[in-house]
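**Student:** Heads up: the sequence shown is residues 1 to 273, going by the UniProt record's numbering. Handing you a structure now.
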Amino acid sequence: MKFWTKQRLGGLGLILGLLLLLAIPGLFWRSQQLAQVRANYRSPMAPIIMVPGSSANQNRFNQLVQQLNTEMGTQHSLLRVEVLTNGQLKTTGTIRKGDYHPFIVVGFQDSRDGPANIQRQAKWFTIAFKSLQKAFHFNRFSAMGHSNGGLVLTLFMEHDLQATGAHAERLMTIGTPFNLEEWDTSVETPLFKELVADRQSLPKELVVYSIAGTETYSGDGIVPVDSVNRGKYIFQKQVKSFTQVTVTGTQAKHGGLPENQQIIKLMRQDLLK
Numbered sequence: 001m002k003f004w005t006k007q008r009l010g011g012l013g014l015i016l017g018l019l020l021l022l023a024i025p026g027l028f029w030r031s032q033q034l035a036q037v038r039a040n041y042r043s044p045m046a047p048i049i050m051v052p053g054s055s056a057n058q059n060r061f062n063q064l065v066q067q068l069n070t071e072m073g074t075q076h077s078l079l080r081v082e083v084l085t086n087g088q089l090k091t092t093g094t095i096r097k098g099d100y101h102p103f104i105v106v107g108f109q110d111s112r113d114g115p116a117n118i119q120r121q122a123k124w125f126t127i128a129f130k131s132l133q134k135a136f137h138f139n140r141f142s143a144m145g146h147s148n149g150g151l152v153l154t155l156f157m158e159h160d161l162q163a164t165g166a167h168a169e170r171l172m173t174i175g176t177p178f179n180l181e182e183w184d185t186s187v188e189t190p191l192f193k194e195l196v197a198d199r200q201s202l203p204k205e206l207v208v209y210s211i212a213g214t215e216t217y218s219g220d221g222i223v224p225v226d227s228v229n230r231g232k233y234i235f236q237k238q239v240k241s242f243t244q245v246t247v248t249g250t251q252a253k254h255g256g257l258p259e260n261q262q263i264i265k266l267m268r269q270d271l272l273k
């Protein structure tokens, strides 16, 4: 009896071992499938996040949002976020229930110009982005940055976006000085060199539009055209597509670009579709 009991136990152990070996590939495959589902999942909400340039605050795009809503025949919500220097957030406005494409404007208490402050603003933006993600449960978005706001968004996408698990779908930069306000075309600023060095971290599925204003042949009155056009050295061959556009006319001055009718048309056509 003992002999048969041991034999049966040995056979049972062998069968269990074989079943376990057969189950391991299935468990591994299931784990891979779940990871793939999570990676491919797109949330219903996909906000359009806007960042103003230096010396502007979270109210900078009030008129722009009102005009976009009027021309599009829709009423997208507007939430304004101010990031304080201690990392705390102040908000005004609300996101209406069922609005899957709200406008969210992120401004900074310290909105001063300068490379060091732009770097700080990029980190403050990351704080705001993570808080917004937690509050509204989105994992995809599009973005627009005017002037240095485009630098803040580019720095965020190179350094901090991947850790959030979010998908950046479209980015529009307007009058963004990728080489700061350097008029000498032979000079590369440290910030520009950093953006170029870290460009491989940009999201590969991103669609980018870079818009330059030309009040004169050389720039929009503040930012040189060459500085805006250097965006091609950052985005080309790194993202899904990169398009450069130059606008002219009476509203092609740097400060007036977000209200330029050609740019508003481009926003409706390329950013908000």
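For every residue, glycine included, the Cβ atom is placed at its ideal position computed from N, Cα and C.
(1) Have a look at the DSSP bridge pairing and note the partners of V208.
(2) Roughly how many whole angstroms lie between the Cα atoms of N260 and F61?
(3) Pick helix, strand or coil for K253, following the three-state DSSP scheme.
(4) Taking the alpha carbon of L171 as the reference point, which residue from E181, L191, H146, P177 has its own alpha carbon closest?
(5) Expressed to the nearest angstrom, what Euclidean distance is found between the alpha-carbon atoms of S43 and R140?
(6) Residues in the same chain with beta-carbon distance under 7 Å from Q67, minus the five sequence neighbours each way, listed in chain order, please.
(7) Are there 16 or more other CB atoms within 10 angstroms of the CB of G231, so buried, or fewer, so exposed?
(8) Can you give me the C-alpha to C-alpha distance between F242 and V207, rounded to a whole angstrom?
(9) Could you tell me which residues DSSP puts in a beta bridge with E194?
(10) Helix or strand or just coil, what does DSSP make of R268?
(11) What are the start and end residues of each continuous beta strand (DSSP E) run of 3 or more residues lying completely inside the stretch 44–85, in chain order?
(12) For I104, name the three-state secondary structure that DSSP assigns.
(13) For T154 and L195, I'd like the C-alpha separation in whole angstroms.
(14) Secondary structure at R96, three-state DSSP: helix, strand or coil?
(15) Nearest to H76 by alpha carbon, out of E205, T246, F103?
(16) May I ask which residues mark the beginning and end of the alpha helix (DSSP H) holding F129?
(17) Does the pairing of the stretch 221–230 with the stretch 172–192 give three or more beta-carbon distances under 8 Å?
(18) Please work out which residues of its chain come closer than 7 Å, Cβ to Cβ, to H101, disregarding the five sequence neighbours upstream and downstream, and give them in chain order.
(19) Tell me whether S142 sits in a helix, a strand or coil according to DSSP, three-state version.
(20) When you compare each of T216, D220, A128, L64 to L78 by their alpha carbons, which one comes out closest?
(21) Please classify V187: does DSSP put it in a helix, a strand, or coil?
(22) T164 and F129: beta carbons closer than 8 Å?
**Tutor:** Answer, in terms of the structure:
(1) L171, F242
(2) 13 Å
(3) coil
(4) H146
(5) 7 Å
(6) I264
(7) buried
(8) 6 Å
(9) Answer by DSSP bridge pairing: none, since E194 is not bridged.
(10) helix
(11) 48–51, 78–83
(12) strand
(13) 8 Å
(14) coil
(15) F103
(16) 115–136
(17) yes
(18) A46, P47, I48, H76
(19) strand
(20) L64
(21) coil
(22) yes
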